[in-house]
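Q: Residue numbers (my numbering): -11 to 275.
Encoded as structure tokens, here's the structure I'll be asking about.
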């Protein structure tokens, strides 16, 4: 859909084996009432036929096929570069396991236009049970983790510490000032890293609760791969962004976590203890 009198939005959907979710995601985007947007699907070498099916079903999508699974940050960056080359005003990074409401793009663009200092706007994200999955985020420096808020704190747009990569509506000016996603993050925490860099560049982060997205969260369930990347990417995130005093605490906290991990490996039935240990070992390689 294109009406050049409106700012141009590029919706970027990173796909990896999204056969069960990608068609519904794309269908919801094309039902949007916003009059000027394009859709890019970047495929990270899916093996389930989802790329081929979507390419046959959605002729208006620009498809990019990668030769391997290069991760969230690097995959999305390919789409972002393409969008910026095509003079995007906004980039909407969207998970392939989401469904957006018809007016979501319009509401996000309206909020972005009305708030000159806003760099990233998040919709209100619910899960498959219609319970709020993301209504804003808080960085917990003490426990070295990020926490989702599960209740909107206002009917109007409000500030947040970080925005989930599930659905990030980003002004082009942000990319010009801070660059793209940090490709050291393969999976997880790249959104929090991008959010903090955006805030450090004097942009605001907002949640627009009237814009709604449903997240089915079917891509990765709780498993060893998820555990590994959460630990490894979390260590990298807090190493990059922690202050000196926070890094001292990070050293002590990580030391205690390693002791617990050793106990879990030797004495408990913690299924993921070996994955946690591997993450700690691999983290040393990226220092």
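In this text, a Cβ means the ideal position worked out from N, Cα and C, and glycines have one as well.
Would DSSP call residue 119 helix, strand or coil?
A: Reduced to three states, the DSSP call for residue 119 is coil.
Q: When you compare the CB positions of residue 27 and residue 49, do they come within less than 8 Å of one another, or not?
A: It is a contact, given that the beta carbons lie within the stated cut-off.
Q: Out of curiosity, what's the CA-to-CA distance linking residue 17 and residue 83?
A: Rounded to whole angstroms, residue 17 to residue 83 spans 12 Å at the Cα level.
Q: Opposite residue 127 in the DSSP bridges: which residues?
A: Beta-bridge pairing links residue 127 to 134.
Q: From the DSSP output, which residues share a beta bridge with residue 155?
A: Paired residues: 82.
Q: Exposed or buried, which one is residue 167 when buried takes at least 16 other CB atoms within 10 Å?
A: It counts as exposed.
Q: Are the CB atoms of residue 161 and residue 170 within a distance shorter than 8 Å?
A: It is not a contact, given that the beta carbons lie outside the stated cut-off.
Q: Since residue 261 and residue 252 are thought to touch, with beta carbons under 8 Å apart, how far apart are those beta carbons, to the nearest angstrom?
A: Yes, residue 261 and residue 252 are in contact; Cβ-Cβ is about 4 Å, under 8 Å.
Q: Sort 257, 202, 222, 107 by Cα distance to residue 188 and report the nearest one.
A: Out of 257, 202, 222, 107, 107 has the C-alpha closest to the C-alpha of residue 188.
Q: Opposite residue 196 in the DSSP bridges: which residues?
A: In DSSP, residue 196 forms a bridge with 111.
Q: With 16 other CB atoms within 10 Å as the buried threshold, where does residue 259 fall?
A: Result: exposed.
Q: Measure the alpha-carbon distance for residue 94 versus residue 101 and round it to whole angstroms.
A: Cα to Cα, the separation comes out at about 11 Å.
Q: Report whether the distance from the Cβ of residue 67 to the nearest heavy atom of the ligand ATP is below 7 Å.
A: With respect to the ligand ATP, the structure offers nothing, as it holds no ligand at all.
Q: Enumerate in chain order the residues of its own chain whose CB-to-CB distance from residue 2 is below 6 Å, with the five nearest sequence positions on each side excluded.
A: The residues are 30, 63, 64.
Q: For residue 207, which residues from the same chain have a beta carbon less than 6 Å from its beta carbon, with the 5 sequence-adjacent residues on both sides left out?
A: Annotation note: pLDDT 47 at residue 207 (below 50); position unreliable, coordinate value reported separately. So the list reads 85, once near-sequence residues are dropped.
Q: What is the DSSP secondary structure of residue 190, counted as helix, strand or coil?
A: In this structure, residue 190 counts as coil in the three-state DSSP scheme.
Q: Kindly indicate which three-state DSSP category residue 207 falls into: helix, strand or coil?
A: Confidence at residue 207 is low in this model, with a pLDDT of 47, below 50, so its placement is unreliable and the value that follows should be read with caution. In the structure shown, residue 207 sits in coil (DSSP, three-state: anything other than H, G, I, E or B).
Q: Measuring CA to CA, which of 229, 15, 11 is closest to residue 133?
A: Comparing Cα-Cα distances from residue 133 to each of 229, 15, 11, the minimum goes to 229.
Q: Per DSSP, residue 3 is paired with what?
A: Residue 3 pairs with 31.
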